[in-house]
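Visitor:
Protein chains: 2
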Amino acid sequence: MALDGVRALVFDVFGTVVDWRGGVAREAEPFLERHGAEEINPTAFADAWRRLYSPAMEEIRSGRRPFTRLDVLHRENLEAILPEFGIDPASVPVSALDELNLAWHRLDPWPDAVAGLTRLKARRIIAPLSNGNIILMLDMAKRSGIPWDAILGAEVAQAYKPMPEAYLRTADVLAMRPEEICLVAAHNDDLAAARACGLRTAFVPRPTEHGPAQTTDLHADGDWDVVAGDFIELAERLQS
Amino acid sequence: MALDGVRALVFDVFGTVVDWRGGVAREAEPFLERHGAEEINPTAFADAWRRLYSPAMEEIRSGRRPFTRLDVLHRENLEAILPEFGIDPASVPVSALDELNLAWHRLDPWPDAVAGLTRLKARRIIAPLSNGNIILMLDMAKRSGIPWDAILGAEVAQAYKPMPEAYLRTADVLAMRPEEICLVAAHNDDLAAARACGLRTAFVPRPTEHGPAQTTDLHADGDWDVVAGDFIELAERLQS
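Those protein sequence lines, which keep their order, are chains A and B.
FYI, my numbering numbers position 94 of the first sequence as 94, with every residue one higher than the one before it.
FYI, my numbering numbers position 98 of the second sequence as 338, with every residue one higher than the one before it.
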């Protein structure tokens, strides 16, 4: 059986479990219309918002800023990008900005995700190992029926991927050796960082995460322990 | 509706959701037989083990010791009590002690607990706010089908109840005001500490937690927001 000895499957979430781009665009569209930016492509808005994701975490990974949960970073990044789209953040009610920030709590899973996770959960612990914070992951899961056994990730580890602490503190909380844990991700760099910490690795490509013209992460760049087309196939591969 | 405006129910677990005394006794019995202590009452052994629970946490609450997860404290306490029962810990294989320590991961819910939680989960977030650590709560839930939305508690808050930080950091992680959260507990002192932090309170007595001769926590000592006979009644009371 693939992944013999693995007791917990931990998942990247943004892009791997859920479609962040489509979900943020869906939530941004009425906001843009309400604030006089109806000509803006909501998907371009989602991409711009996401573009500040990694730089914001880099402030924390580098030690320049203490650990700060992703909801706070998303909120700051939202205010930062609005002027690019012709919207003065000071002209928008705070409650409307807070509400739009919750777009990230309302992302839809890819069509195979909930069914696959439900099957995977029968034999192993399943938990997110995302840079998203606990209430973000919790709201998202409750809205769409993602059956996590626990919410792990950056806020529990107090470290953002791909810092080794994000993976190793997750193993510590689970009281498992790294090789008893497998990261499932659609991103080769996440898997490489997990492997460097001793975790097992499963690649599930999500070739439209960045839209139809996506050029990255279309294929496995490493000899990951498992490569599966979606979570249903992953569940089939992991059955004895 | 009782608890109007409450978005999350957080639960004490040992005694409130699960029967720790019966579960630890059940797991201890074969251990005691194997190690020449078959005349020992396993329930007395469970009580002795539990008696060191609060003093061990007090070392951490007082600041004399850094935060240490409950599995580690339970393991230390186990070695501390074995001589009282005529067992030299050095004579027992480490693997047998490690295994017995997992007794706390295998406690059975009270008969109403899973059905009640499943109903409560339909309308609100449900999560443990226990002093038990994440993998302890996770193993327990997975074994018996407790449908938590997330595993919160001392390890996430890095503080043991009844320290205010245990309640307030849980509210912070949930991004909620304290009054949007209700603690459900069988222990008046836990509810009093939660109320002092602004949380709402629900008392569900568990009159046999300490056995048939229990004298404590048989009744509500405060005017808690809700008092219910069990989790099914609690779910009925909280429906609109």
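The beta-carbon is built from N, C-alpha and C at its ideal position, and this holds for glycine as well.
Looking at the C-beta of E395/B, does it have a partner C-beta in chain A at a distance below 8 Å?
Guide: One-based indexing of the second sequence puts residue 395/B at position 155. Closer than 8 Å to some Cβ of chain A, the Cβ of E395/B qualifies, so yes.
Visitor: Can you tell which of E27/A, V17/A, L3/A has the C-alpha that lies nearest to the C-alpha of F231/A?
Guide: By 1-based counting over the first sequence, the position of residue 231/A is 231. The shortest Cα separation from F231/A among E27/A, V17/A, L3/A belongs to V17/A.
Visitor: Mind checking which residues open and close the alpha helix (DSSP H) that includes S294/B?
Guide: In the second sequence, residue 294/B corresponds to position 54, counting from 1. Where S294/B is concerned, the enclosing alpha helix (DSSP H) stretches over 293 to 301.
Visitor: According to the neighbour-count rule (16 or more other Cβ atoms, all chains shown, within 10 Å of its Cβ), is R34/A buried or exposed?
Guide: By 1-based counting over the first sequence, the position of residue 34/A is 34. R34/A is exposed by the Cβ-count criterion.
Visitor: Taking the DSSP output, what are the residues bridged to C437/B?
Guide: Position 197 of the second sequence, counted from the first residue, corresponds to residue 437/B. Paired residues: none, contrary to the question.
Visitor: Below 8 Å CB to CB, which residues in the same chain sit around L340/B once its five sequence neighbours on both sides are set aside?
Guide: Here residue 340/B refers to the residue found at position 100 when the second sequence is read from its first residue. The answer, listed in chain order, is E267, A268, F271, L318.
Visitor: In whole angstroms, what separates the C-alpha of A228/A from that of E236/A?
Guide: Here residue 228/A refers to the residue found at position 228 of the first sequence. Here residue 236/A refers to the residue found at position 236 of the first sequence. Their backbone Cα atoms lie some 9 Å apart in a straight line.
Visitor: Quick check: N131/A and G153/A, are their CB atoms within less than 8 Å of each other?
Guide: Residue 131/A sits at position 131 when you count from the first residue of the first sequence. Residue 153/A sits at position 153 when you count from the first residue of the first sequence. Going by C-beta atoms, N131/A is nearer than 8 Å to G153/A.
Visitor: In the DSSP assignment, what are the bridge partners of F325/B?
Guide: Taking the first residue of the second sequence as 1, we reach residue 325/B at position 85. Answer by DSSP bridge pairing: none, since F325/B is not bridged.
Visitor: Alpha carbon to alpha carbon, how far is P66/A from F285/B?
Guide: Indexing the first sequence from 1 puts residue 66/A at position 66. Indexing the second sequence from 1 puts residue 285/B at position 45. Rounded to whole angstroms, P66/A to F285/B spans 45 Å at the Cα level.
Visitor: Would you mind giving the Cβ-Cβ distance between A8/A and I146/A, rounded to the nearest angstrom? I have them listed as a contact below 8 Å.
Guide: Taking the first residue of the first sequence as 1, we reach residue 8/A at position 8. Taking the first residue of the first sequence as 1, we reach residue 146/A at position 146. About 16 Å; that fails the 8 Å criterion.
Visitor: Are the CB atoms of I81/A and L52/A within a distance shorter than 8 Å?
Guide: For the purposes of this step, residue 52/A is taken as residue 52 along the first sequence, with counting starting at 1. For the purposes of this step, residue 81/A is taken as residue 81 along the first sequence, with counting starting at 1. Closer than 8 Å, so yes.
Visitor: List, in chain order, every chain B residue whose beta-carbon is nearer than 7 Å to that of L138/A.
Guide: Residue mapping note: residue 138/A aligns to position 138 of the first sequence, counting from 1. In chain order: I365, D389, A390.
Visitor: Determine the extent of the alpha helix (DSSP H) in which I125/A is found, giving its start and end residues.
Guide: On the first sequence, position 125 is the one that residue 125/A refers to. Looking at the DSSP string, I125/A is not in any alpha helix (DSSP H); the run it does join, the beta strand (DSSP E), is 125 to 130.
Visitor: Could you say if the stretch 90 to 107 of chain A and the stretch 122 to 136 of chain A meet the contact criterion of at least three C-beta pairs nearer than 8 Å?
Guide: Result yes; three or more Cβ-Cβ pairs closer than 8 Å.
Visitor: Where L439/B and W148/A are concerned, what is the direct C-alpha to C-alpha distance, given to the nearest angstrom?
Guide: For this step, residue 439/B is matched to residue 199 along the second sequence. For this step, residue 148/A is matched to residue 148 along the first sequence. So the alpha carbons of these two residues sit roughly 26 Å apart.
Visitor: Could you spell out where the alpha helix (DSSP H) holding A265/B opens and where it closes?
Guide: Locating residue 265/B in the second sequence gives position 25, counting from the first residue. First-last of the alpha helix (DSSP H) with A265/B: 260 to 274.
Visitor: When we look at the beta-carbon of D311/B and count the other beta-carbons within 10 Å, is it buried (16 or more) or exposed?
Guide: Mapped onto the second sequence, residue 311/B falls at position 71. Classification for D311/B: buried.
Visitor: What are the boundary residues of the alpha helix (DSSP H) that V94/A is part of?
Guide: Numbered from 1 along the first sequence, position 94 holds the residue referred to as residue 94/A. Taken as a continuous stretch (DSSP letters only), the alpha helix (DSSP H) holding V94/A covers 94 to 101.
Visitor: List, in order along the chain, the chain B residues whose C-beta lies closer than 7 Å to that of I135/A?
Guide: Here residue 135/A is taken as the residue at index 135 of the first sequence, counted from 1. Within 7 Å Cβ-Cβ: V413, L414, A415.
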